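Visitor:
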Amino acid sequence: MSADLTRNQALVMKTLSGAEAPLSAYTILDRLRGDGLRAPLQVYRALEKLTELGLVHRLESLNAFVACAHPNCHEQELIAFAICEACGKVEEFSDDVVKDRLDGWTRSHGFRPAKTTIEIRGNCSGCAGGK
């Protein structure tokens, strides 16, 4: 964890790093009330900066956040998440084949993406009863 984080950012980062599933901003706030965080804005500001630093990801479909599983993933142009709907486990990955296909489509359509995030929802191997 970076020494440049504010107290609130460090608290939010620690909470997300210890979570077994994605957390909403309000769940983070509830967990940190004992540490002096009282307002949603405190959590949202911390999340915004942590996301900017590439330490946290927002899962759009869940409106929740996870700690980054790969230290340099923010350098990737494509980040994907497999989200288990049964247990809440989230796997973060990047795939060059998918990236190449999407790059080809964007080039051929003159589209300039700012960011690409893919969310796959279903059941992990543990919840699906094996592979």
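Everything in the sequence shown is counted per our numbering, starting at 326 for the first residue and increasing by one. Idealized CB from N, CA, C, for every residue including glycine. Note that the coordinates shown come from a computational prediction; the quantities given were computed from them, not determined experimentally.
In chain order, what are the residue ranges of uninterrupted beta strand (DSSP E) at least 3 long that sit wholly in the region 402 to 433?
Guide: For the region 402 to 433, whole beta strand (DSSP E) runs of length 3 or above, ordered along the chain, are 403 to 409, 415 to 418.
Visitor: Excluding the five sequence neighbours on either side, which residues of its own chain have a C-beta within less than 7 Å of the C-beta of residue 427, listed in chain order?
Guide: Position 102 of the sequence shown, counted from the start, is the residue given in the question as residue 427. These residues qualify, in order along the chain: 403, 441.
Visitor: DSSP three-state call for residue 392: helix, strand or coil?
Guide: Locating residue 392 in the sequence shown gives position 67, counting from the first residue. Residue state, collapsed to three classes: strand.
Visitor: Less than 7 Å between CB atoms is the rule here; does residue 360 satisfy it with respect to chain C?
Guide: Absent here is chain C; the protein component of the structure consists of one chain.
Visitor: On a Cα-Cα basis, can you pick out the residue from 334, 439, 331, 409 that is closest to residue 347?
Guide: To locate residue 347, count along the sequence shown from 1; it is residue 22. Checking every option, the nearest Cα to that of residue 347 belongs to 409.
Visitor: Give me whichever residues DSSP pairs with residue 443 in a beta bridge.
Guide: As a first step, residue 443 must be located in the sequence shown, where it is residue number 118. In DSSP, residue 443 forms a bridge with 405.
Visitor: For residue 366, count neighbouring C-beta atoms within 10 Å of its own C-beta (all shown protein chains included) and say buried if the count is 16 or more, exposed if not.
Guide: Working through the sequence shown from its first residue, we reach residue 366 at position 41. Residue 366 should be labelled exposed.
Visitor: Between which residues of its own chain and residue 356 is the CB-CB distance below 8 Å, once the five residues before and five after are set aside?
Guide: Start at 1 with the first residue of the sequence shown, and residue 356 comes out as number 31. Excluding sequence neighbours, residue 356 sits near 340, 348.
Visitor: Where does residue 353 land, buried or exposed, given buried means 16+ other C-beta within 10 angstroms?
Guide: For the purposes of this step, residue 353 is taken as residue 28 along the sequence shown, with counting starting at 1. Classification for residue 353: buried.
Visitor: How far does the beta strand (DSSP E) with residue 384 in it reach, from first residue to last?
Guide: As a position in the sequence shown, residue 384 is number 59, starting the count at 1. Note, residue 384: beta strand (DSSP E), 381 to 384.
Visitor: Around the Cβ of residue 368, are there at least 16 other Cβ atoms within 10 angstroms (buried) or fewer (exposed)?
Guide: The sequence position of residue 368 within the sequence shown is 43, counting from 1. Under this definition residue 368 is a buried residue.
Visitor: Give a yes or no on whether the C-beta atoms belonging to residue 394 and residue 377 are separated by under 7 Å.
Guide: One-based indexing of the sequence shown puts residue 394 at position 69. One-based indexing of the sequence shown puts residue 377 at position 52. No.
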